[in-house]
Amino acid sequence: MNLNRSVVSASGYEQDIKTAPASISIINKEDIMTRPLRDIGDAVQDVPGVYVEQDKTGQNTISMRGLSSAYVLILIDGKRQNTSQGFIQNGLGNQTSFMPPPSMIERIEVIRGPASTIYGSDAMGGVINIITKKHFNTISSGAQLESKFFEPGEWGNAYGLNAYLNTPLIKDKLSLSLRGSYRYNEANAFLNPSYVVNAAGNPYAAHSSTGSQNWSAGFRINYTPTTRDYIYLDSEVYNGRFGTLNTSSNSITSIQELYKNNSILSYEGNYDWGKLSSYIQYAYNVIAPHTGVKMGADRGDSINWANKRTNQNIVFQSTYTNNFDFDKAGSLIFNGGVYYLYENLAGNFGNGFGKRNLHQNQAALFGEGEYIFNEYISTTLGLRYNYSDTYASATALNPRFYVNFNPTDWLTLKAGVASGMLTPPLLRTIDGYAEVSNNGQTTNTYGNPNLKPEQSLNYELSAILDFDPAMFILTGYYTDFHNQIETLSGLPTGTYMSEINITCPANTTCSYYRNIDKSLVSGVEASFTLKPINGFGLDTSYGFTYTEALSGAGKGESVNSIPRHNFTIKPSYTYKNFNMYVRWSGKYKTPTPYAGSNARTNVRQIVGQYYKDYQLVDVAATYKFAKHYALTLAVNNLFDVYFMDYIPYTNRGSQSAQNAYQRILPSRNYWVSFRADF
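Each residue of the sequence shown is one higher than the last, beginning at -17 in this note's numbering.
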């Protein structure tokens, strides 16, 4: 990771990373080009405070500062990529699989902590902004072939291809960029222990992926009519098929098809009176289940378009930035603007709810000023006013205040308070809507029209010590989390749920969404970077994360299962066109969830207070040759740590099993990629 450079994600305009009003890490281009990366999760996994794990479809999910992927906003060139939380359900999602070809990426900026003052909802946990190359005055192109091979066993191999072409059409005026990718993953067929029996006779363990297949294609037209103006039109289509061999709730094989289209028209103008940045974005997503899916299959007989769901988003944002110089009194950088989002969610939601057409409107005004008193001290103060027409409390404020102190060239001290917010997913706010699951007993999970936005207030202190060629960063934070949405579950037949005015039906257990008063997240993030000396370099990071529910049914318990301690040590060596590294990572004290006295879901009673700790070692090397070509070889999980350690228990009279590890991670595998850039 690299910290000695400018960033644009913290405030929406370019500034030095040391004085930016946020905790930011950068994955630079060299890291991106010399590591075995298949998606965004692979790229950011070494950032302190970030935790990456695989979901039941084999895709990476990203948690940040103790908050799940639902609280992490993913951007490409400052434009959001996340789909609605209510659109993809039951864990069948792939939010991180749309990374552009690595050769097109300039850097990746990671904001750790809430950034809702600038970015609004979804940015409560943090922001990942992928910055791509902009202008092209010469023709360039490239392609990369990649494969991941596993030793014989449960894991399936993975294959991929990505390519790009950049070409000028009119010198210094007009250029065109084309990109595309294709990826195919074989099934991960993890078998349950022989003594495990379920009603459906499904032999596969939960989180066994059916395999996946996805492709994407996109273009960008860049137009610079004058030296002050820059316009681009960008559009991309995506198709993905993914699923799980065992849904765990119904013990069936489930496969879904996802189509996405994302189009953006953007304008930037630099004038004497300031900088104006505006864009309009249209995103259209369709997801539909496969029908006739046989147990263990990687696809169904057909796609059930009658039960499709669609999600449409229209986003408009316009931002004004200007620098006001007050001579000896310092200077002020002002950044402010307007934001609007229209969201539509439609489709057949079943379970008696039928076809519905849901929508919401969100709008915001935001402004922020960075006052630079002198070369030693600066302050940042910002506020965002949010409005939505769907949730119970229609408005929310997001303030931010930061102080940066630079007493010497090698020391930077930061202190700040920043707020975050997340609007409830549309489906969870609908009166009468119920998600139904059945694994020996019917369970209804109901929506709640009285849900409020989740909000947080984050306090942090950090120090940056820059002794070229070494850099050390230490950050401590404490987050108050208000109105967190939880699922109150396990309610028996006849229970009256007063918050939603529904009585649990006969022969059913019930759950519903509600806001709990408060929880906390606190932690420490540390990193040490040593730039190469005679070719030898070192990157290390450590993250301590503690979460606790301060009210609700789980008062005193951890909010989620994120490791308390997360270590990474990566020594590297570079000589001319050769680069290699050894990466050691360790995850310790991962809390198990607590779920009352229900042994089927109470992992705490079976495994203990924490999941099993683990350590992994990866080795990788890249060699560039003949100017245009590069070959990368890697061995992941070098010592072949096996992540299936089952503990037997009895569930409703039948034998079942619980893994002592939180997730089944890949066994030893071999990565090979060949890249050509011209």
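The beta carbon of each residue, even a glycine, is placed where N, CA and C say it ideally should be.
Query, Result
"Own chain, CB closer than 7 Å to I629, minus 5 neighbours either side, in chain order", "I588, V589, A639, Q640, A642"
"Per-residue burial, G95 [other beta carbons within 10 Å of its own, 16 or more giving buried]", "buried"
"Within the stretch 232 to 277, ranges of the alpha helix (DSSP H) (whole runs, at least 4 residues)", "none"
"Short CB-CB distance (under 9 Å) between I551 and chain C", "Checking the listed chains, one finds no chain C in this structure; it contains a single protein chain."
"Alpha-carbon to alpha-carbon, P553 and F510", "11 Å"
"Proximal residues to T614 (C-beta, below 6 Å), its chain only, five neighbours per side dropped", "T604, S655"
"M562 versus V601: straight-line alpha-carbon distance, rounded", "8 Å"
"Counted within 10 angstroms of its Cβ, other Cβ atoms place D391 as buried (16 or more) or exposed", "exposed"
"Other residues of its chain near K569: CB distance less than 7 Å, five sequence neighbours each side excluded", "P545, N548, D595, Y596"
"Distance, I359 Cα to L227 Cα", "56 Å"
"3 or more residues per run - each beta strand (DSSP E) lying fully within the stretch 3 to 34", "5 to 10"
"Continuous alpha helix (DSSP H) stretch holding V617: start and end", "No alpha helix (DSSP H) holds V617; the beta strand (DSSP E) holding it covers 611 to 618."
"Span separating the alpha-carbon of F669 from that of D13", "Any property of residue 669 remains undetermined from this structure, which presents the chain solely from -17 to 660."
"Sequence-distant residues of its chain with Cβ nearer than 7 Å to V585 (five each side left out)", "T574, P575, Q640"
"Whole-angstrom distance between A4 and L363, CA atom to CA atom", "12 Å"
"Outcome for N651 when other beta-carbon atoms lying within 10 angstroms are tallied against a minimum of 16", "buried"
"Distance between beta carbons of F660 and G282, contact taken as under 8 Å", "No, G282 and F660 are not in contact; Cβ-Cβ is about 41 Å, not under 8 Å."
"Same chain, Cβ closer than 6 Å to E250, five either side skipped, listed in chain order", "Y212, S259"
"Rounded C-alpha distance that separates V551 from L151", "Rather than Val, the amino acid found at residue 551 in this sequence is Ile. Those two C-alpha atoms are separated by around 46 Å."
"When S300, D448, Y164 are compared against I262, the one with the closest alpha-carbon", "S300"
"Sufficient close CB pairs (3 or more, under 8 Å) joining the stretch 440 to 458 to the stretch 487 to 500", "no"
"Member of F560, T632, I(-1) whose CA lies at the smallest distance from the CA of A608", "F560"
"CA nearest to the CA of W197, picked from Y177, L379, N368, R223", "R223"
"Test item: CB-CB of Y205 and K242 under 9 Å", "no"
"Continuous beta strand (DSSP E) stretch holding R47: start and end", "Counting along the chain, R47 falls outside any beta strand (DSSP E), and DSSP gives it neither H nor E."
"Exposure of R287, with buried meaning 16 or more beta-carbon neighbours within 10 Å", "At residue 287 the sequence reads Trp, which differs from the Arg that was named. Answer is exposed; the Cβ neighbour count stays below 16."
"Opposing strand residues paired with Y53 [DSSP bridges]", "Note: Y53 sits in no beta bridge, so no partner."
"Within 9 Å, strictly: CB atoms of T114 and E91", "no"
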